[in-house]
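Under the numbering used here, the residues of the sequence shown are numbered 724 to 1181, in order.
Ideal Cβ positions, reconstructed from N, Cα and C, are used throughout, including at glycine.
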Amino acid sequence: MSALIEHRSNRHAPTPIEAIDTTHLAATRKRLSAAQRSWLDENGFDAKPGSVCLVPDTGGKLARVLVGVDGQDSLSSLAALPLMLPVGEYALAPESVALDTELAALGWALGAYQFTRYRKPKRAAATLAVSSETLATLAPLVQATYRVRDLVNTPTEDMGPKHLADEVKQLGKAHKAKVREWVGEELLEDNFPTIHTVGRASHRAPRLIELTWGKTTAPKVVVVGKGVCFDTGGLDLKPSDGMRWMKKDMGGAAHAIALASLVMEAKLPVRLTLLIPAVENAVAGNAMRPGEVVITRGGHSVEIDNTDAEGRLVLCDALAYAAEQQPALIVDFATLTGAARVALGPDLPALFANDDALADDALACSNEVADPLWRLPLWRPYRKLLDSYLADFTNTGTSRHAGAITAALFMERFIPDGTPWLHLDTYAWNDGDRPGRPRGGEAMGLRAIFALLSKRYG
Ligand code: BES
Ligand code: ZN
Ligand code: ZN
């Protein structure tokens, strides 16, 4: 990962970056020469968050970079710099205002990302020198975030169910994990009816991909990700605006795969199972129809009220299968509902949990690593919004109220009492460019849950 490099004293000294805020500007100016102070004035540098000034020495060479930061947001503080500063090696100056230097360095690396599968990089990223410990901590997190972004950014033609399977197989190979999959009719033979029902209309067969890793005696953790490689909505077809970005509907799978890579890389003492139901929600003559009833793996009959609520359908068979293994924890990631975005906006994944202590732990970890989550309730009385007149329940009700909650309640039906479960309804996407958060696919909640697993099992 070239955006971060280990600091070594025998190399050419890196250019110092001094992070300051408006209250420290006067003190910083005192340490500069009269010419440099004049340069700051000429450039109107005010040390407000986001402001940057490249300060020359007397020979006109770059001597120092001043960057205005918000001390409350270490992650963003340096994130705009790697693709803004001249290519070269930099280091955070000790005179800088108090920042969480690890988060600041993480932000730098996340800000260096470019998706280069279909075009050349716009430019090379500048490099930040950090301690070897910081590098060791951050490198896997950066790789995992890049992996999520790459997977989500890749268009469906190059990121179908089989591509997700290939990704898991490659990961399995790297960590000597076992990978198996059920493809097409095999899903019916081994009783994964909802995954097959959702995915059968695509020319690319639906699959359930499973990776297992770790000592059989270790606590079982199952990570599940919604792998809808494209969501047309099915026969309840989405309008163009709603369909435009639905290549990202495998964002949950991308998170789950990345989390599995982090767990294995860190060799956490858990028995890990990764489950990816990978399908396309397509339109064809054999597509599932509204009004159809499917008997799920969990044994509940589900009336398909809306074919666009396909995520909870593919997930419910995967969750039922996960629960059969009586795990210590199930975590799922899914780009499940537009309603979660209406409630919390794009940057805050909704967290659902059937265990308060577990939820508190997850929120504390999320806070610690600056990877926000917001808890929404599994409000049982809303179960009646999913009442069906002929089946155990429907996949969506007539009411659009509390859509993120009813989706979570649907999935909760497949989690046995006493099995700890976390569900993240995440956007996995940045609508625009911001420092450290480039437009396109994004990991949201990944570092928080990895921190939680590290804390609980590490
Ligand atoms: N993949 C979508 C949810 C989604 C849409 C996530 C946009 C992020 C951005 C999901 O499969 C879906 O279509 N959900 C429907 C459910 C509805 C039919 C009850 C939704 O949210 O509108
Ligand atoms: Zn949908
Ligand atoms: Zn979907």
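If I'm right that residue i touches residue j with Cβ under 8 angstroms, what's the distance once you round it to whole angstroms?
i, j, result
"F1056", "L1176", "13 angstroms between Cβ atoms; not a contact."
"P929", "G922", "2 angstroms"
"Y1150", "P1069", "5 angstroms"
"P1072", "A1041", "Contact doesn't hold; Cβ gap of about 19 angstroms is too wide."
"Y1105", "T1142", "In fact, because the Cβ distance is near 21 angstroms, the residues do not count as touching under 8 angstroms."
"T1119", "D1028", "5 angstroms"
"D744", "A770", "6 angstroms"
Alpha carbons only, please: which of the options is nearest the one belonging to residue i?
i, options, result
"K899", "G1168, V891 and G975", "V891"
"G791", "G782, T781, A821 and E765", "A821"
"D959", "A1005, I1018 and L1169", "A1005"
"T746", "P942, H886, S819 and I740", "S819"
"A859", "R842, M987, L727 and A1087", "L727"
"D823", "L808, S800, L804 and P805", "S800"
"S855", "P1161, E729 and L1169", "E729"
"M987", "W936, K784, D913 and K970", "W936"
"W831", "V810, K845, A816 and L798", "L798"
"K938", "W968, Q1048, M973 and V993", "V993"
"D972", "T879, S925 and Y869", "T879"
Can the beta-carbon of residue i be found less than 8 angstroms from the beta-carbon of residue j?
i, j, result
"A1114", "E1026", "yes"
"E812", "L861", "no"
"A1045", "V947", "yes"
"L911", "V865", "no"
"L1052", "F1075", "no"
"C952", "E1003", "yes"
"G1021", "F1137", "yes"
"K961", "D889", "no"
"G956", "M966", "yes"
"L995", "A983", "yes"
"L931", "Y1180", "no"
"P1050", "K943", "yes"
"L833", "G1164", "no"
"L1036", "E933", "no"
"L789", "P863", "no"
"T1060", "G1126", "yes"
"T1019", "A1043", "yes"
"L806", "R842", "no"
"K901", "T1058", "no"
"L777", "A814", "no"
"L1109", "F1133", "yes"
Could you give the first and the last residue of the continuous beta strand (DSSP E) run that contains residue i?
i, result
"F953", "G950 to D954"
"S1024", "S1024 to E1026"
"L997", "R994 to N1004"
"H1146", "W1144 to D1148"
"A786", "L785 to G791"
"I1128", "No beta strand (DSSP E) holds I1128; the alpha helix (DSSP H) holding it covers G1126 to E1135."
"K901", "K901 to V906"
"V1017", "V1016 to I1018"
"E741", "T738 to I743"
At a cut-off of 7 angstroms, is residue i close to ligand 1 when judged by its beta-carbon and the heavy atoms of the ligand?
i, result
"N1029", "yes"
"G957", "no"
"T1119", "yes"
"R1020", "no"
"Y1150", "yes"
"E1047", "no"
"E1015", "no"
"D1079", "no"
"E1165", "no"
Considering residue i, what are the terminal residues of the alpha helix (DSSP H) in which it resides?
i, result
"P916", "P916 to G922"
"W1102", "Element bounds for W1102: n/a, residue is neither H nor E."
"W762", "A757 to E765"
"T850", "No alpha helix (DSSP H) contains T850, which is instead part of the beta strand (DSSP E) from T850 to V853."
"F1173", "L1169 to Y1180"
"P884", "P884 to A897"
"W968", "Neither: W968 is in no alpha helix (DSSP H) and is coded neither H nor E."
"D1055", "Note, D1055: premise wrong, no alpha helix (DSSP H); beta strand (DSSP E) at L1052 to A1057."
Is the beta carbon of residue i within less than 7 angstroms of some heavy atom of ligand 2?
i, result
"E1003", "no"
"D964", "no"
"D1055", "no"
Just to check, is the beta-carbon of residue i closer than 7 angstroms to a non-hydrogen atom of ligand 3?
i, result
"T1058", "yes"
"D1040", "no"
"D972", "yes"
"V951", "yes"
"E818", "no"
Measure from the C-beta of residue i to each C-beta in chain C and report whether the shortest distance is under 8 angstroms.
i, result
"V891", "No chain C is part of this structure, which consists of one protein chain only."
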